[in-house]
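Undergrad:
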Amino acid sequence: MCMACLARAEDSSTPPILQLFESKWTTIENRMADVFQVGYGRLWLPPPTRADSGNLSVGYDVYDRFDLGKPRNETLYGTETGLKTLVAAAHTAGVLVDTDFIANHNGFTDSSSVDTRGTATTADDVSFVQAGDYPGFVTTLPDDVDGDFHGAFETGQENFRLSGLIDIAQEKNHQFIRQPTEAGNPLNIPMGTAGAFGRPPADVPDPNNARFYPDQGLGGTTAFDPHLNQNFTLYNYNAATPLAGDPVADNAMGLLMRNARWMVQEIGVDGFRYDAARHFPRWVLDYLDVALFDSKQQPLLDGSPQHTFSFSETGYDSNSFIQSFIRKDINDATPNQIGGNRDALDFNLFGALKGNLTENGTANNWHNIKTASIDLNDDGLQNGTQGVAFAQSHDELGPYLQNVAYAYTLMLPGNAIVYDNAKEFGNNRDFPRGGKDDALGGFYGDTVTKLIDIRDTHGRGDFRERWIDDAFNPNGFSNVYVYERSKSAVVGLNSRNDTFVETRTGVQTDFAPGTVLVELTGNAADATVDPTNAIPEAIRVDASGKINLSIPSNGGTGRGYVIYGVAGPQGTLDLGGVSSTLAGATPTAANNGTARLATIDVITANSFTVNLHTTPVTLPAPAGESNPVRD
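So for the sequence shown, the numbering used here puts the first residue at 1; every next one is plus one.
(1) For R273, which of helix, strand or coil comes out of DSSP?
(2) For H613, list the residues DSSP reports as bridge partners.
(3) In terms of residue numbering, what span does the beta strand (DSSP E) encompassing A489 cover?
(4) Which residue or residues does DSSP assign as beta-bridge partners of Q337?
(5) Give the single residue among R65, Q37, G198, I338 whose Cα lies nearest to the Cα of D294.
(6) Look at T27 and Q130 and say whether their C-beta atoms are less than 9 Å apart.
(7) In terms of alpha-carbon separation, which member of L451, D456, T586 lies closest to N523?
(8) Name the DSSP beta bridge partners of L503, please?
(9) Output the distance between the C-alpha atoms of L410 and E158, rounded to the nearest integer angstrom.
(10) Quick one: Cα of F431 to Cα of Y419, how far?
(11) Taking the alpha helix (DSSP H) that T26 belongs to, which residues open and close that run?
(12) Let me know the secondary structure DSSP gives H174 once reduced to three states.
(13) Who are H105's beta bridge partners in DSSP?
(14) Confirm the yes/no value for this check: CB of K436, any heavy atom of the ligand SAH, distance under 8 Å.
(15) With burial defined as no fewer than 16 other Cβ atoms inside 10 Å of the residue's Cβ, what is the status of W44: buried or exposed?
(16) Apart from the five residues on each side of it in sequence, which residues of its chain come closer than 8 Å, Cβ to Cβ, to N30?
(17) According to DSSP, is E484 helix, strand or coil?
(18) If you measure between the beta carbons of R273 and D98, is that distance less than 9 Å?
(19) Note down the Cα distance separating L76 from G132, rounded to an integer number of angstroms.
(20) Quick check: what's the CA-CA separation for F280 versus H227?
(21) Evaluate contact between the region 144-151 and the region 198-205, counting only Cβ atoms and requiring at least three cross-stretch pairs below 8 Å.
(22) Kindly indicate which residue of A103, G568, G41, A585 has the alpha-carbon position closest to the one of A90.
(23) Using a Cβ distance threshold of 8 Å, determine whether the region 552-571 contacts the region 525-539, with at least three qualifying pairs required.
(24) Thinking just about the alpha-carbon of each residue, which of Q570, V126, T609 is nearest to the one in L619?
(25) So, is L68 buried or exposed, given that buried needs 16 or more other C-beta atoms within 10 angstroms?
(26) Kindly indicate which three-state DSSP category F267 falls into: helix, strand or coil?
(27) CB-CB under 8 Å to Y316, same chain, minus the five flanking residues each way: which ones, in chain order?
(28) Consult DSSP for D144 and reduce its assignment to one of helix, strand or coil.
(29) Quick one: using the 10 Å Cβ neighbour count with 16 as the cut-off for buried, is I603 buried or exposed?
(30) Can you tell me whether K423 is helix, strand or coil according to DSSP?
(31) My assumption, with CB atoms under 8 Å, is that S111 sits in contact with T79. Please give the rounded CB distance.
(32) Tell me, please, whether the region 439-451 touches the region 384-396 by the rule of three or more beta-carbon pairs shorter than 8 Å.
(33) Given that a residue counts as buried once 16 or more other Cβ atoms are within 10 Å of its Cβ, and exposed if not, what is P71?
(34) Using 8 Å as the Cβ pair cut-off and three pairs as the minimum, do the region 54-68 and the region 101-111 touch?
(35) For a minimum of 4 consecutive residues, which ranges assigned as the alpha helix (DSSP H) are wholly contained in the region 278-326?
Now the structure itself:
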């Protein structure tokens, strides 16, 4: 058989990722109907672990990796039970969940820190070391002054203290039972003798710590990792009998591996966003691949294995450097061969969006954007095989023409993120940065949610660049860019920031001659975007497969884009047998990030009906024609 002759599946856009920060787990669970209804497929949540600086921290200063909050001692986001319940609700809605995972560092406190208790004497002072350090870690040892960490004055991007946070030395091999269960075991990590900093002493033996270890009595699976050239025996956590876990000695890297597998098997998460990944060696990611291998015990609906998916924070770097964070051989592996399923945030694309979707339209240049993505680095194609696109984040506000950036990224093949700051903990926190207020619709409109709906319905077909303005025109800028998702959608983008409508004629497409394409975003029908009615609501593909495309600028609306595609079916859907409804809230500026907007139908009977009421399709008259199109 000629393998090269086999048809290749068309590129597709996975349901987008919602980065949802500054919200309690219970609030997110309550809003799961909104997350599902908008069309997201995965959540990225902040670090869920106990923070060093207190329970108002976002969570990047880790104190205890196995403490996700308890009743009457919650984290900023809630409790372990609350997170597990949220994850279960997300899975019921078909939404996967990733949390931030911090493998680079712990918190700000170190062996020199002392709790003075506010007294004039030192009799009651307790050092961090006396308090037991970070649970599972030691900050100093008799034979290693820095314990499990790098020294305070070490340099280099993998050893220094990022933002003053104590840096884990993953290469060290201090062996301890790091969550001790029984007193007197000589392998136990040194325990705290007094509480400090408002916390009880750490590393005190507790039989309940057994739940932080896999149960070796269930039997293990031995697998080979080609990256590390080593066999590993992997054990699972015992969900039915959590206290059957077997405490064993491990090093700091072993604790990180154990914690990652625990988060998947006990909490239920589906992967991670790896924070500060450029600040630890790449082999740390390989060991995390080992920890996550076969961690999802429930197969997919087709019986194939379910794999976790993670992605790293890197930075603005060369493609070759960023490539070292990406590993996608999980499906190529032979049985019992470990592979990876991890990607990297597309910082280089993000930087190009910031630099070329500015307030100054005459400085913007699509040539600088179209070649920036790391998606091109593996095979030269914009096909979504790697890179996680984003247009803003908790660290950075993103480009001035934000809606255009989202229109560009959300219609590309592959993975893309929308960032929402729910502001449940107040409007005046300087971190995290503000997000896309319309990420779940509501008071601030439906600009982004409409783009997500179009991505979910028309985000398929191979990528085709169809138009780009000459970058070397007399003005030195390039404002119009057009790409097609083959035979599915044509995306027209404009980086001008005035009110001029740009028209490009003879734009080639893969659509069959005579096909009627409708404008899907609503921009053509919106008098605020198109006050002169210059943008047609429908266009017909000519005999050569070409179209004329008119695209609004961003002045006054920030919506300088159009998307044309084949119209979908028209009709309504309702349920029969509904006993009651849970009404959604009326959106206001105050509740926009926290109140559930969707109305939920409640069914208590043993059966119900789903009713689809279709209507004949009627399309607007295509440009140059006088009659609407009916089917």
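For each residue, glycine too, the CB sits at the ideal point set by N, CA and C.
TA: According to the data block:
(1) Locating residue 273 in the sequence shown gives position 273, counting from the first residue. R273: strand per DSSP, three-state reduction.
(2) The residue labelled residue 613 in the question sits at position 613 within the sequence shown. DSSP lists T572 as partners of H613.
(3) For this step, residue 489 is matched to residue 489 along the sequence shown. Start and end: 489-494.
(4) By 1-based counting over the sequence shown, the position of residue 337 is 337. When DSSP reads this structure, Q337 sits in a beta bridge with F224.
(5) For the purposes of this step, residue 294 is taken as residue 294 along the sequence shown, with counting starting at 1. Ranking R65, Q37, G198, I338 by Cα distance to D294 puts I338 first.
(6) Here residue 27 refers to the residue found at position 27 of the sequence shown. Here residue 130 refers to the residue found at position 130 of the sequence shown. Taking 9 Å as the Cβ cut-off, T27 and Q130 do not qualify as a contacting pair.
(7) The sequence position of residue 523 within the sequence shown is 523, counting from 1. Nearest neighbour of N523 by Cα position, chosen from L451, D456, T586, turns out to be L451.
(8) The residue labelled residue 503 in the question sits at position 503 within the sequence shown. It is Thr, not Leu, that sits at residue 503 in the sequence shown. Per DSSP, S550.
(9) Within the sequence shown, residue 410 is the residue found at index 410, counting from 1. Within the sequence shown, residue 158 is the residue found at index 158, counting from 1. Roughly 33 Å separates the two Cα atoms.
(10) Along the sequence shown, read from residue 1 onward, the residue named residue 431 stands at position 431. Along the sequence shown, read from residue 1 onward, the residue named residue 419 stands at position 419. In a straight line, the C-alpha of F431 is about 14 Å away from that of Y419.
(11) The count along the sequence shown starts at 1 and reaches residue 26 at position 26. Counting along the chain, the alpha helix (DSSP H) containing T26 begins and ends at 25-30.
(12) Counting from one through the sequence shown, the residue named residue 174 turns up at place 174. Three-state result, H174: coil.
(13) For this step, residue 105 is matched to residue 105 along the sequence shown. H105 is bridged to D167.
(14) By its list of ligands, the structure shown contains no ligand whatsoever, and the ligand SAH lies outside what it can speak to.
(15) Here residue 44 is taken as the residue at index 44 of the sequence shown, counted from 1. By the neighbour-count rule (16 or more Cβ atoms within 10 Å), W44 is buried.
(16) Position 30 of the sequence shown, counted from the start, is the residue given in the question as residue 30. R596, listed in sequence order.
(17) Numbered from its first residue, the sequence shown carries residue 484 at position 484. Three-state DSSP puts E484 in a strand.
(18) Here residue 273 refers to the residue found at position 273 of the sequence shown. Here residue 98 refers to the residue found at position 98 of the sequence shown. Yes, they are a contact pair.
(19) Residue 76 sits at position 76 when you count from the first residue of the sequence shown. Residue 132 sits at position 132 when you count from the first residue of the sequence shown. The alpha-carbon atoms of L76 and G132 are separated by roughly 23 Å.
(20) Here residue 280 refers to the residue found at position 280 when the sequence shown is read from its first residue. Here residue 227 refers to the residue found at position 227 when the sequence shown is read from its first residue. F280 and H227 have their alpha carbons spaced roughly 17 Å apart.
(21) no
(22) Sequence index remark: in the sequence shown, residue 90 carries index 90 (1-based). Nearest C-alpha to A90: G41.
(23) The answer is yes - the region 525-539 touches the region 552-571, with three or more Cβ pairs under 8 Å.
(24) Walking along the sequence shown from the start, residue 619 turns up at place 619. Here the closest residue by C-alpha is Q570.
(25) Counting from 1 along the sequence shown, the entry for residue 68 is found at position 68. Burial call: buried.
(26) Here the question's residue 267 lines up with position 267 in the sequence shown. In the sequence under discussion, the amino acid at residue 267 is Ile, which differs from the Phe named in the question. If DSSP states are grouped into helix, strand and coil, I267 belongs with the helices.
(27) Looking up residue 316 in the sequence shown gives position 316. Around Y316: F347, N348, G351.
(28) Taking the sequence shown and counting its residues from 1, one reaches residue 144 at position 144. Strand, per DSSP.
(29) Numbered from 1 along the sequence shown, position 603 holds the residue referred to as residue 603. Exposed, because fewer than 16 other Cβ atoms sit within 10 Å of the Cβ of I603.
(30) For the purposes of this step, residue 423 is taken as residue 423 along the sequence shown, with counting starting at 1. Three-state result, K423: coil.
(31) For the purposes of this step, residue 111 is taken as the residue at position 111 of the sequence shown. For the purposes of this step, residue 79 is taken as the residue at position 79 of the sequence shown. At roughly 30 Å, the Cβ-Cβ gap does not stay under 8 Å, so S111 and T79 are not in contact.
(32) These segments do not touch.
(33) Within the sequence shown, residue 71 is the residue found at index 71, counting from 1. Flag for P71 reads exposed.
(34) yes
(35) As far as the region 278-326 is concerned, its whole alpha helix (DSSP H) runs of at least 4 residues are 282-292, 319-323.
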